[in-house]
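Below is one structure; the comments refer to it alone.
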Amino acid sequence: MYYTLQAPNYVPYQGYLGHFVRSEDMVLNLILQSISGERNDELFYQELIRLAPTEKEKEVITGIRDDERKHNQMFRNIYTQLTGTSPTGIEAMEPIEHVSDYLSGIENALFGELKAFEKYRTLYLNIRPEYRNMIFEIMTDEIKHASYYNWLYAKNNR
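The opening residue of the sequence shown carries number 629 in this note's numbering; numbering runs sequentially from there.
Below is the structure:
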């Protein structure tokens, strides 16, 4: 005896497409947040540079600040490629945090880099594959920055 297989009443691809659209919206939102966050980090690190006690520490934080500028531009490029428009009106999404003292600023920077890494991991897992190498580069920079800030914290917390 043979039974006829019946196709389900739904088309699985439509469900996937709905996920893709939701995922794409989430990706664009994360990119906009990241542009703002990288700019805020750049300004925050500029204050840390001013407070750094040695030239070596100023040099390390300057390198990190320059990476944040690079990340901002990379996120802007990805956003423009995905949407066909430049991101606008996002510079002031978060209030700029001021550095009260050097050591607490280093601590805030360390945790900020780790938090950014977690956000970028979500972005990496949801963005189109052709952009993953750029996100991976940013993620590895963030971990490198966290390591530098960990060193700076240990060096100054004696």
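Yeah, the Cβ is synthetic: ideal placement off N, Cα and C, and Gly gets one too.
Cβ distance (whole Å) where residue i is taken to contact residue j below 8 angstroms
i: PHE745; j: MET762; result: With a Cβ gap of about 15 angstroms, PHE745 and MET762 do not count as contacting.
Residue j beta carbon less than 7 angstroms from that of residue i
i: GLU670; j: ARG693; result: yes
i: LEU751; j: LEU660; result: no
i: TYR776; j: VAL688; result: yes
i: LEU731; j: ALA774; result: no
i: ILE663; j: PHE703; result: yes
i: LYS684; j: ILE677; result: no
i: ASP769; j: ASP653; result: no
i: ILE718; j: TYR759; result: no
Sequence-distant residues of its chain with Cβ nearer than 8 angstroms to residue i (five each side left out)
i: ARG697; result: GLU666, GLU670
i: ASP729; result: LEU679
i: SER714; result: ARG704, TYR707, THR708
i: ARG786; result: none
Host alpha helix (DSSP H) of residue i (start-end)
i: GLY740; result: 730-754
i: ASN785; result: Run containing ASN785: none; DSSP gives neither H nor E here.
Cut-off 6 angstroms between Cβ atoms - residues of its own chain near residue i, not counting five sequence neighbours on either side
i: ASN784; result: LEU731
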